[in-house]
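Heads up: the sequence shown at position 98 corresponds to 98 in our numbering, and the numbers run straight through without jumps. All residues carry an ideal CB built from backbone N, CA and C; glycine is no exception.
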Amino acid sequence: LKPLEDSCGVVVSDAWPCRGGSRITCVTAALPSLSHRRLHDAAAAGDAAKVGELLAGGEDPTLRHIAFGFKVPYDVSADGATRDAFRRFCGASPGAWNWERAHVPSGLTEAEEEARRERHRRRARDQRRGAGR
């Protein structure tokens, strides 16, 4: 019998025969092994550089892990810089993963990051001007 995977990553096998001729349908969650928690660990620790490295190395950002409440790595990110590492990779490789399933809201490009830095500079400048009055 060939297992099927539904859209949520749950493996569903066909009905198995059992005593008396009835059939039982077996449903098992596709749980990642301990080796698949490196991306979760890096995200939870706020290690943006490691997150980028792991994503570039092919780690799957759509996997959920039991040790993190079945959340995807993006959802356990410790801070904005770590979330931006996911968004940066998404912006550079939009077709690499199902980013919606990974809960990454949008890709982050160099142009968007520069616009953000400019907004922060402008806001800081305006605050300095307002404080000097």
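In this structure, residue 116 sits away from residue 104, with a CB-CB distance that is not shorter than 8 angstroms. In the three-state reduction of the DSSP assignment, residue 65 falls in the strand class, which pools E and B. Shown here for residue 85: same chain residues with a beta carbon closer than 6 angstroms to its own, the five before and five after excluded, namely 48, 51, 52 in chain order. Residue 67 sits close to residue 37, with the two beta carbons spaced by under 8 angstroms.
At a Cβ-Cβ threshold of 8 angstroms, residue 61 and residue 76 do not count as neighbours.
Around the beta carbon of residue 42, a 10 Å sphere encloses 16 or more other beta carbons of the protein chains shown; the residue is thus reported as buried. Its Cα nearest to that of residue 92, the residue 106 stands out among 106, 79, 82.
Residue burial is scored here from C-beta neighbours: residue 120 has fewer than 16 other C-beta atoms within 10 angstroms and is therefore classed as exposed. Pairing residue 57 with residue 78 gives a Cβ-Cβ distance that is not under 8 angstroms.
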